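Accompanying notes for the structure given below.
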Amino acid sequence: MVRSVYLILFVKGLRTFVFGIVSVLTPIYLAMLGFSPIYVGVSLFFVVLGNVFSNILLTWFGDVIGRGRLLIIFSFLMFMSGVLLFSFSLYLVIALALFIGNVSTTGTETGPFQSVEVGVLPRFTGNRLGRVLGVYNLIGYSASSIGALASSLPAYLGNSLYVIRSMYLVYAIAGLVMIIVYSALGGIESSRKGIGLRRLNRSAVIDIRNLSVLYSMDAFGGGLITQSLLSYWFYVRYNVSLRELGVVFMVVNIITALSLVIAPLIAERIGNLRTMVYTHILSNVFLILIPFAGTFPGSLAFLLLRQSVSQMDVPTRQAFMAQIFSDEERVAANAITNTARSISSLPGSPIVGDLISLGLYSLPFVISGSVKIIYDLTIYFMYRGRAK
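Residue numbers for the sequence shown follow the numbering used here, beginning at 626 and rising by one.
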């Protein structure tokens, strides 16, 4: 593989490591500061809103400002976000930091970094794209699992607010390292210069529109059950400690990472679209069953079953997008569909915060799983004639 691929894989691992820390730690940190479930939900809303804004900026001005230059800017904002979260406990500052930080609350990114990386990887990998995307996502989830485990470190150091806030310095340092890596990354700029969608042909725009609607359905369901919200749900529903949550999400992400190695192998036999749909439907059945177990071990068992297949659609969806769109269209297509995904996931955090405050612990899981199954069936019947 060329040097650019290794740089992308390295920065993916670094980024998702700190995302794993922040996604588990932030809702617990806000709760320890005394903020209500509604404030916690709104805070995660600002995280998703920040990803939406960054993807819109990438879509409309990425080829004018430059993809590499934008990645450096977004990395600097990550650095500033970490500094602000370490330095202040005022809610307005926290909300601003979460907005500009391009954090992932799920372990699966929809922000601008992944939009560019997945869009340009086909340039460097050729017919090995499916397996490279499997490795790309494997590294992401493995690093996220280590980050989730690292989020429990404050529990071993006294669990003081200062120790917890110090974890955000790790996030800030990662932003600085990413600036250096992206400065060395070449071969990612587009040969077409233009603003917005004017540089794309009509058939590509139609596909982007259709897939944006479909991915929005999936993202709305996923926005109800993110890693951050699961962390908060287990904390409130079963009184699971931060120390235990760190271990739980480490195991969750390890299982997810292993499934990402298997997904491209399955796709080589039955195709990307079928792999996406079949595994996703099964995972959503397990998702609906999580709250009905009634005990922490039972809910955890269904969560682990869900994670064994839930993200197999990630590398296969990325490879499916590479089949549908040309080289010059991929970054824009990824950015636009990721923007649609992010916007559609926005209501999830406030809705779940409200439902938990009302004691409706099971409803988010039922709604999420049902909507995502509808998405699976719809995309299969719309695109089965075009999928290889």
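Glycine included, every Cβ here is placed at the ideal spot set by N, Cα and C.
Small disclaimer: the values here were computed from a predicted structure and weren't measured.
* Within its chain, find whatever has a CB closer than 8 Å to the CB of residue 683; leave out the 5 residues flanking it on each side and keep chain order. => 692, 695, 737, 740, 741, 956 and 960
* **residue 886 vs residue 981 beta-carbon contact at 8 Å** => no
* **N-terminal and C-terminal residue of the alpha helix (DSSP H) that residue 963 is part of** => 952-970
* Just the Cα atoms here: how many angstroms apart are residue 947 and residue 753? -> 12 Å
* **Residue span of the alpha helix (DSSP H) that contains residue 1014, given as start and end** => The structure shown does not extend to residue 1014, since the chain is modelled only from 626 to 1013, so the question has no answer here.
* If residue 806 sits next to residue 635, beta carbons under 8 Å apart, how far is it from one beta carbon to the other, in whole angstroms? -> 7 Å
* Using CA coordinates, which residue listed in 986, 970, 952 and 974 is at the minimum distance from residue 748? -> 952
* Asked: Excluding five sequence neighbours on each side, which residues of the same chain lie with their C-beta closer than 6 Å to the C-beta of residue 673?
  -> 967, 970 and 971
* Cα-Cα, which of 632, 958 and 760 is closest to residue 834? -> 958
* Asked: With DSSP run on the structure shown, which of helix, strand or coil describes residue 727?
  -> coil
* Contact check, residue 1007 vs residue 945, beta carbons under 8 Å -> no
* **Buried versus exposed call for residue 809 [16 or more other C-beta atoms within 10 Å across all chains shown]** => exposed
* How is residue 896 classed by DSSP in three states: helix, strand or coil? -> coil
* Test: residue 793 CB closer than 8 Å to a CB of chain D -> The question asks about chain D, but that chain is absent: this structure has only one protein chain.
* Just the C-alpha distance for residue 633 and residue 743, rounded to the nearest angstrom, thanks. => 9 Å
* Asked: Taking the Cβ atom as the reference point for each residue, do residue 849 and residue 667 lie within a distance shorter than 8 Å?
  -> no
* Asked: So, residue 812 versus residue 995, is the Cβ gap smaller than 8 Å?
  -> no
* Asked: Cα separation between residue 1011 and residue 899?
  -> 12 Å
* Asked: Rounded to whole angstroms, how far is the Cβ of residue 723 from the Cβ of residue 675, which I believe are closer than 8 Å?
  -> 7 Å
* Excluding sequence positions up to five away, which residues of its chain have a Cβ less than 6 Å from the Cβ of residue 717? -> none
* Does the beta-carbon of residue 627 have 16 or more other beta-carbons within 10 angstroms, so that it is buried, or is it exposed? -> exposed
* **Sequence-distant residues of its chain with Cβ nearer than 8 Å to residue 868 (five each side left out)** => 777, 780 and 781
* To do: Evaluate contact between the region 760-770 and the region 649-667, counting only Cβ atoms and requiring at least three cross-stretch pairs below 8 Å.
  => no
* What residue range is occupied by the uninterrupted alpha helix (DSSP H) comprising residue 981? -> 973-982
* Of all the options 786, 658 and 1005, which has the alpha carbon lying nearest to the alpha carbon of residue 906? -> 1005
* To do: With a 10 Å radius around its C-beta and 16 neighbouring C-beta atoms as the bar for buried, classify residue 787 as buried or exposed.
  => exposed
* Asked: Alpha carbon to alpha carbon, how far is residue 689 from residue 680?
  -> 14 Å
* Asked: If you check the beta carbons only, do residue 770 and residue 882 fall under 8 Å apart?
  -> yes
* To do: State yes or no: is the C-beta of residue 842 within less than 8 Å of the C-beta of residue 719?
  => no
* To do: Inspect the CB distances between the region 870-882 and the region 643-651 and report whether three or more fall short of 8 Å.
  => yes
* **Runs of alpha helix (DSSP H) lying entirely within the region 629-714, each at least 4 residues, in chain order** => 662-690 and 692-712
* For residue 934 and residue 927, the rounded distance between their alpha carbons -> 12 Å
* Asked: When burial is assigned at 16 or more other CB atoms within 10 Å of the CB, is residue 827 buried or exposed?
  -> exposed
* **Reference residue 846, options 992, 678, 642 and 686, closest by Cα** => 992
* Minimum C-alpha distance to residue 728 - residue among 911, 709, 643 and 949 -> 643
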